[in-house]
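Numbering (this note's numbering), first residue to last: 4 to 279.
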């Protein structure tokens with residue numbers, strides 16, 4: 004395996020978006036957007052579901068990956084890195100890899116860019132039967148994403164049943180961000196403010212030690228940045244759905260059981276309203 008040149012390595016390890024090309028059974032190209040990373044001199048990507056691209060690679064491992072650089076050359080043209088090779092599929096590790104790649108944005112307090120998020124949602128929707136109901140958690144986060152979601156759902160013959168907003172005072176959110184705890188054995192995450200382990204310091208799942216933890220995207224500076232982005236980009240989404248009459252507010256203060264009961268009661272009420 005030839006070593007990756009420094010310029011190519013820097014691009015592959017940045018927050019650039021990759022396009023993966025695989026071959027469909029009829030020989031036509033299938034293009035999908037992927038987050039990419041590096042392990043040594045191997046390009047890696049995580050996939051959570053048996054999508055068409057995985058089926059294509061299992062049948063024919065030949066792939067091409069193109070990555071668009073942010074910089075332009077002297078002629079004002081955007082530069083691309085194009086890699087040809089053969090894919091190797093291994094089981095396990097996809098959630099951890101995708102979380103690691105997402106940290107490229109989150110550790111800076113940024114949202115994942117709209118075009119990246121929308122393209123991934125589009126691909127996932129294409130693989131889900133129309134008979135299957137879907138819950139979007141944390142999406143959309145911008146008005147552009149909300150508008151794109153409306154368009155995607157219309158293309159799929161779907162519609163929004165409701166948009167649920169968990170209403171929590173900002174002071175409470177800051178307390179929760181500082182109250183995260185993790186089991187060092189099985190990595191189960193707890194909130195000492197909302198959902199602490201039943202026995203202090205002991206994991207409910209495996210009995211391992213639980214201690215307070217802090218993520219890189221939860222430092223005071225990054226949290227401040229995230230809240231600024233929320234005010235500027237996500238609050239308008241609330242207005243967007245409220246004007247359409249689909250927004251439902253639910254108090255997010257209380258225990259996990261209390262909040263869960265409120266959500267279930269609201270969903271049952273919405274379900275009965277749709278039936279009648």
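Every residue, glycine too, gets a C-beta built ideally from N, C-alpha and C.
Assuming the contact rule is C-beta atoms closer than 8 Å, residue 215 and residue 196 should be a hit. Round their C-beta distance to whole Å, please.
Counting from one through the chain shown, the residue named residue 215 turns up at place 212. Counting from one through the chain shown, the residue named residue 196 turns up at place 193. Wrong, their Cβ atoms sit about 11 Å apart, outside the cutoff.
Out of 130, 157, 11, which one is the CA nearest neighbour of residue 72?
The residue given as residue 72 occupies position 69 in the chain shown. The shortest C-alpha separation from residue 72 is found at 11.
If you draw a straight line from the alpha carbon of residue 260 to that of residue 173, how long is it in whole angstroms?
If you number the chain shown from 1, residue 260 lands on position 257. If you number the chain shown from 1, residue 173 lands on position 170. Taking the straight line joining both Cα atoms gives about 21 Å.
Is the distance from the Cβ of residue 255 to the Cβ of residue 166 below 7 Å?
Locating residue 255 in the chain shown gives position 252, where the first residue counts as 1. Locating residue 166 in the chain shown gives position 163, where the first residue counts as 1. Result no, Cβ atoms of residue 255 and residue 166 do not sit closer than 7 Å.
What's the C-alpha gap between residue 237 and residue 16?
Looking up residue 237 in the chain shown gives position 234. Looking up residue 16 in the chain shown gives position 13. For residue 237 and residue 16, the distance between alpha carbons rounds to 28 Å.
When DSSP builds the beta bridges, which residues end up paired with residue 86?
In the chain shown, the residue the question calls residue 86 occupies position 83. DSSP lists 68 as partners of residue 86.
Which value, in whole angstroms, describes the spacing of the CA atoms of residue 70 and residue 145?
As a working mapping, residue 70 is identified with position 67 in the chain shown. As a working mapping, residue 145 is identified with position 142 in the chain shown. Near 25 Å, if we compare the C-alpha coordinates of residue 145 and residue 70.
To test your reading of the DSSP string, which unbroken alpha helix (DSSP H) runs of 4 or more residues are found completely within the segment 142 to 168?
Counting whole runs of 4 or more residues, the segment 142 to 168 contains the alpha helix (DSSP H) stretches 146 to 158.
Can you pull the DSSP bridge partners for residue 199?
Taking the chain shown and counting its residues from 1, the one referred to as residue 199 is at position 196. None, per the DSSP bridge assignment.
When DSSP labels each residue in this structure, what does residue 40 get in the three-state scheme?
Start at 1 with the first residue of the chain shown, and residue 40 comes out as number 37. Residue 40 falls in the strand class under three-state DSSP.
Which residues share a DSSP beta bridge with residue 26?
Looking up residue 26 in the chain shown gives position 23. Per DSSP, 32.
CB residue 44 to CB residue 6, shorter than 7 Å?
For the purposes of this step, residue 44 is taken as the residue at position 41 of the chain shown. For the purposes of this step, residue 6 is taken as the residue at position 3 of the chain shown. Yes; because the gap between Cβ atoms is below 7 Å, this pair is in contact.
Which of helix, strand or coil does DSSP assign to residue 215?
Position 212 of the chain shown holds residue 215. Residue 215: strand per DSSP, three-state reduction.
Please classify residue 83 as buried or exposed, where buried requires at least 16 other C-beta atoms within 10 Å of its C-beta.
As a working mapping, residue 83 is identified with position 80 in the chain shown. Counting Cβ neighbours within 10 Å, residue 83 comes out exposed, since fewer than 16 surround it.
Looking only at its chain, what residues have a beta carbon closer than 7 Å to the beta carbon of residue 121, apart from the 5 residues adjacent to it on each side?
Looking up residue 121 in the chain shown gives position 118. Only 148, 151 meet the Cβ criterion.
Report the partner residues of residue 253 according to the DSSP bridge assignment.
As a first step, residue 253 is located in the chain shown; it is residue number 250 there, counting from the start. Beta-bridge pairing links residue 253 to 169.
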